[in-house]
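Chains as they are written, first to last, in my numbering: chain H, 19 to 382; chain W, 19 to 382.
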């Protein structure tokens, strides 16, 4: 059996009994009924995911998947493609947004070269030679190809490479599983809002204009051009909406496939996975199309500035935890949301019940 | 000079030069322009408040002000008044929501008896005798009276007691200042959404129906009754909207005065103060009416389920950081928001600039 089929087969829904037990306790806590709102919903979810009334979330792993996109040749981004590899270098140095925010929540960051166009061969060695570990960083190479092809001219990758990218994400999840209680997703890839919008359009049925955003900050003219490029890519590739592998191969990217694989792997092992922003949610849509039950393990970190994110989250029936105008990716939203996940667990495990604290209950 | 006048006199606006310096760095960070959105706005604010490019926020103090309300005799809450003192006891035991969430962000909690009806005399002693400190808690008595009077029958307190409650909050701020980088506000008081709604109605000019909510969870009939009680209180007391002390004395509460005093004290010492939910924001409105510049030091933690909170925050021109359907008070929203404050500081101080990291900038 293939790794993808085998992993998907292992995905079970959340445990109903664990959810009921958690809800029962949460309803007895010394506070007005459900007064901590969505954090209590989250606590119930975490119990259902982990089958535990003390959901473990201490060991946090954020996996930042990096890949390049031939479609940048069409001028869809404000930044040159070389920035992808430069930012991977920045991750190693510990100077990126994800480093700072992951350190704050005590998460390790695993950066995976899924298909960067630039040379990453020195990075593992550079990392090994470092004395201090300000970067809370690990580098793994799972490179499928040196960047996806230009989807405006043909398929972004072969079907075999799409499978390979998902398998690579699963392999990362499996390799980290023993040392991880909760996963977070992240991405780095100049141009990757373009394939993400294409995926969101196909899976949700949304109009390209409605699911495309400003990415790194393009102006009106560039926006209209980006929409045209996405439309053209969909026209020439005609991805099959029912076939996630076809969709990923035609208008996807290696890091998006990696994110989908990571989410499926986490779900198979009953680990919560915090889905970062727009690109990560495109990966989540691929995962969800392959196995809808995977959504039981997804936690939506934040609502991105990218307008298509709202539509993508709605398709997954997920409400994000944070809404602070973020549009960075890297896993930064996931890192921030992990603190709220920890808060939810503390509420479930540390707050006393009315009976335990001898506090009078509400009148009927 | 009185403590109130003296404290207010010390409040200066945020420092413009510190804001400019922070913005300049934030605009050079290795990410698309302002890609961490409102966290970057917050970082700029923190620089302006603290006059520092490395705003100190490590030593966190959440002050939970407790007080009772005679208006509970009108049946405005689902809970009996005795719950206030029981919850203070729960704070001491470390079993309340605020204990759990404050521990998570490594904040100490100072619970202040501003005017609890029940007996709190044993609490300081009980605390002193404890071996382990799971409660991350300190108890202070600043009791003005054993509960405010029923505002539906006359003034909640005398003008002198209103002054005393604000001074008490200032005293707490001054006493903690040396050991605190950032303050958070919190409240405990059965019935206290009722005076808070009255204050919000008077200061914002909002209709009582629009600024009144369900508090601890009352039904439709109880809601209409609560609105009627607030209207009656305003009719018989006729508070002067231009005179915050008159307003606080007529339809306020001791803990609300304490919160106002704490905020003014923090602002005077140029310390950021995270304003929790609806009751804390009523206190913030009192502080703001006494000295509008105090708003320069306020950070709105979250948007409460209480419908009047939106109107109150709008009056202060504050956008909350969190929107998770919380309605507990105690300082729980402030505790959660403190993590985002810390995240903002990390972004300002730990993320590399394009130049530092040798990353290519955007094309024009």
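The C-beta atom is built at its ideal place from N, Cα and C for all residues, glycine as well. Bear in mind that the values here come from a model prediction, so they are computed numbers and not experimental data.
Legend entry - Distance cut-off 7 Å: residue 173 of chain H Cβ against heavy atoms of the ligand GDP: Absence of the ligand GDP is noted for the structure shown, with no ligands found whatsoever.
Legend entry - Residue environment, residue 72 of chain H, which counts as buried when at least 16 other CB atoms sit within 10 Å: The residue you call residue 72 of chain H lines up with position 54 of the first chain. Counting Cβ neighbours within 10 Å, residue 72 of chain H comes out exposed, since fewer than 16 surround it.
Legend entry - Contacting residues, own chain, Cβ-Cβ under 7 Å from residue 26 of chain W (five flanking each side not counted): Indexing the second chain from 1 puts residue 26 of chain W at position 8. Here the set comprises 282, 308 and 309.
Inset, instruction - Give the residues of chain W in contact with residue 323 of chain H, contact being defined as C-beta atoms less than 9 Å apart. - result: The residue labelled residue 323 of chain H in the question sits at position 305 within the first chain. By Cβ distance, chain W contributes 53 and 55.
Inset, instruction - Let me know if residue 178 of chain W comes out buried or exposed under the rule of 16 or more other beta-carbons within 10 Å of its beta-carbon. - result: Taking the second chain and counting its residues from 1, one reaches residue 178 of chain W at position 160. When all chains shown are included, residue 178 of chain W counts as exposed.
Inset, instruction - Taking C-beta pairs closer than 7 Å, name the residues in chain H that residue 343 of chain W reaches, listed in chain order. - result: Taking the second chain and counting its residues from 1, the one referred to as residue 343 of chain W is at position 325. Correct list: 55 and 56.
Inset, instruction - Tell me, please, whether the CB atom of residue 64 of chain W is closer than 8 Å to any CB atom in chain H? - result: Along the second chain, read from residue 1 onward, the residue named residue 64 of chain W stands at position 46. No, because no Cβ of chain H sits closer than 8 Å to the Cβ of residue 64 of chain W.
Inset, instruction - Can you check DSSP and say which residues form a bridge with residue 316 of chain W? - result: Locating residue 316 of chain W in the second chain gives position 298, counting from the first residue. Answer is W/291, bridged to residue 316 of chain W.
Inset, instruction - Check whether the Cβ atoms of residue 7 of chain H and residue 69 of chain H lie closer than 8 Å to each other. - result: One cannot answer for residue 7 of chain H here, as it falls past the ends of chain H, which runs 19 to 382.
Inset, instruction - For residue 377 of chain W, return the contacting residues in chain H, with the cut-off set at a CB-CB distance below 7 Å. - result: Position 359 of the second chain, counting from 1, holds the residue named residue 377 of chain W. Residues of chain H passing the Cβ test: 101, 104, 105 and 108.
Legend entry - Where residue 98 of chain H meets chain W, residues with beta-carbon distance less than 8 Å: Numbered from 1 along the first chain, position 80 holds the residue referred to as residue 98 of chain H. Those within 8 Å of residue 98 of chain H in chain W are 378 and 381.
Legend entry - Residues of the stretch 226-247 of chain W with Cβ closer than 7 Å to any Cβ of chain H, in chain order: 234 and 235
Inset, instruction - Under 8 Å by Cβ, that's how I've got residue 154 of chain W and residue 127 of chain W pegged, so tell me the actual separation to the nearest angstrom. - result: The residue labelled residue 154 of chain W in the question sits at position 136 within the second chain. The residue labelled residue 127 of chain W in the question sits at position 109 within the second chain. The Cβ separation is near 6 Å, so the contact holds.
Inset, instruction - Kindly indicate which residue of W/346, W/41, W/74 and W/48 has the alpha-carbon position closest to the one of residue 58 of chain W. - result: Locating residue 58 of chain W in the second chain gives position 40, counting from the first residue. If we check each option's Cα against that of residue 58 of chain W, W/41 comes out closest.
Legend entry - Delimiting residues of the alpha helix (DSSP H) encompassing residue 68 of chain H: On the first chain, residue 68 of chain H is found 50 positions in, with the first residue counted as 1. Where residue 68 of chain H is concerned, the enclosing alpha helix (DSSP H) stretches over 55-68.
Legend entry - Inter-stretch contact (C-beta, 8 Å, three-pair minimum) for the stretch 267-280 of chain W and the stretch 74-89 of chain W: yes
Legend entry - Delimiting residues of the beta strand (DSSP E) encompassing residue 159 of chain H: To locate residue 159 of chain H, count along the first chain from 1; it is residue 141. Here the beta strand (DSSP E) through residue 159 of chain H covers 155-159.
Inset, instruction - Please classify residue 49 of chain W: does DSSP put it in a helix, a strand, or coil? - result: For the purposes of this step, residue 49 of chain W is taken as the residue at position 31 of the second chain. Correct three-state label for residue 49 of chain W: coil.
Inset, instruction - For residue 213 of chain H, collect the residues of the same chain with a Cβ closer than 6 Å to its Cβ; drop the 5 residues on either side in sequence, then sort them by chain order. - result: The residue given as residue 213 of chain H occupies position 195 in the first chain. Counting only Cβ-Cβ distances below 6 Å, and skipping sequence neighbours, we find 269, 270 and 271.
Inset, instruction - Would you tell me roughly how many angstroms separate the C-alpha atoms of residue 230 of chain W and residue 209 of chain H, rounded to the nearest one? - result: Counted from its first residue, the second chain places residue 230 of chain W at position 212. Counted from its first residue, the first chain places residue 209 of chain H at position 191. Straight-line Cα distance between these residues: approximately 48 Å.
Inset, instruction - Helix, strand or coil for residue 82 of chain W, going by three-state DSSP, please let me know. - result: By 1-based counting over the second chain, the position of residue 82 of chain W is 64. Of the three classes helix, strand and coil, the one that applies to residue 82 of chain W here is strand, per DSSP.
Legend entry - Test: residue 327 of chain W CB closer than 8 Å to a CB of chain H: In the second chain, the residue the question calls residue 327 of chain W occupies position 309. No, its Cβ sits nowhere closer than 8 Å to a Cβ of chain H.
Legend entry - Residue closest to residue 51 of chain H, alpha-carbon to alpha-carbon, out of W/169, W/375 and W/344: Locating residue 51 of chain H in the first chain gives position 33, where the first residue counts as 1. The residue with the shortest Cα to Cα distance from residue 51 of chain H is W/344.
Legend entry - 8 Å CB neighbourhood of residue 380 of chain W in its chain, flanking five on each side removed: Locating residue 380 of chain W in the second chain gives position 362, where the first residue counts as 1. For residue 380 of chain W, where only same-chain residues beyond five positions count, the Cβ hits under 8 Å are 50 and 51.
Inset, instruction - Have a look at residue 340 of chain W and residue 105 of chain H and give me their C-alpha separation to the nearest angstrom. - result: Along the second chain, one-based indexing puts residue 340 of chain W at 322. Along the first chain, one-based indexing puts residue 105 of chain H at 87. Taking the straight line from one Cα to the other gives about 30 Å.
Inset, instruction - Would you mind telling me which residues of chain W sit closer than 7 Å to residue 357 of chain H, beta carbon to beta carbon, in chain order? - result: Mapped onto the first chain, residue 357 of chain H falls at position 339. Residues of chain W passing the Cβ test: 357.
Legend entry - Sub-8 Å separation of residue 287 of chain H and residue 125 of chain H beta-carbons: Numbered from 1 along the first chain, position 269 holds the residue referred to as residue 287 of chain H. Numbered from 1 along the first chain, position 107 holds the residue referred to as residue 125 of chain H. No, these two residues do not count as a Cβ contact at 8 Å.
Legend entry - Delimiting residues of the beta strand (DSSP E) encompassing residue 131 of chain H: Locating residue 131 of chain H in the first chain gives position 113, where the first residue counts as 1. Taken as a continuous stretch (DSSP letters only), the beta strand (DSSP E) holding residue 131 of chain H covers 125-133.
Legend entry - chain H contact for residue 134 of chain W (CB, 8 Å cutoff): Numbered from its first residue, the second chain carries residue 134 of chain W at position 116. Not one chain H Cβ lies under 8 Å of residue 134 of chain W.
Legend entry - Residue from H/46, H/63, H/218 and H/251 with nearest C-alpha to residue 316 of chain H: Counted from its first residue, the first chain places residue 316 of chain H at position 298. Looking at the Cα atoms, H/63 is the closest of the given residues.
Inset, instruction - Spatial neighbours of residue 150 of chain H within its chain, please: CB distance less than 8 Å, with the 5 preceding and 5 following residues excluded, ordered by chain position. - result: Mapped onto the first chain, residue 150 of chain H falls at position 132. With a pLDDT of only 46 at residue 150 of chain H, under 50, the local geometry of the prediction cannot be trusted, and the value read off the model is given with reservation. None.
Inset, instruction - Could you tell me which chain W residues have their CB closer than 8 Å to the CB of residue 365 of chain H, listed as they occur along the chain? - result: Counted from its first residue, the first chain places residue 365 of chain H at position 347. Ordered by position in chain W, the residues that pass the 8 Å Cβ test against residue 365 of chain H are 115, 118 and 119.
Legend entry - Rounded Cβ spacing between residue 251 of chain W and residue 175 of chain W (contact assumed at less than 8 Å): Here residue 251 of chain W refers to the residue found at position 233 of the second chain. Here residue 175 of chain W refers to the residue found at position 157 of the second chain. Their Cβ separation, rounded to whole angstroms, is 13 Å, which puts residue 251 of chain W and residue 175 of chain W out of contact at 8 Å.
Legend entry - Distance, residue 267 of chain H Cα to residue 173 of chain H Cα: Taking the first chain and counting its residues from 1, the one referred to as residue 173 of chain H is at position 155. Taking the first chain and counting its residues from 1, the one referred to as residue 267 of chain H is at position 249. Approximately 6 Å between the Cα atoms of the pair.
Legend entry - Expected contact under 8 Å - CB spacing of residue 234 of chain W and residue 349 of chain W to nearest Å: Position 216 of the second chain, counted from the start, is the residue given in the question as residue 234 of chain W. Position 331 of the second chain, counted from the start, is the residue given in the question as residue 349 of chain W. About 17 Å; that fails the 8 Å criterion.
Inset, instruction - Apply the 10 Å Cβ neighbour rule to residue 38 of chain H and answer buried if 16 or more other Cβ atoms are within range, or exposed otherwise. - result: Walking along the first chain from the start, residue 38 of chain H turns up at place 20. Its Cβ having fewer than 16 others within 10 Å, residue 38 of chain H is exposed.
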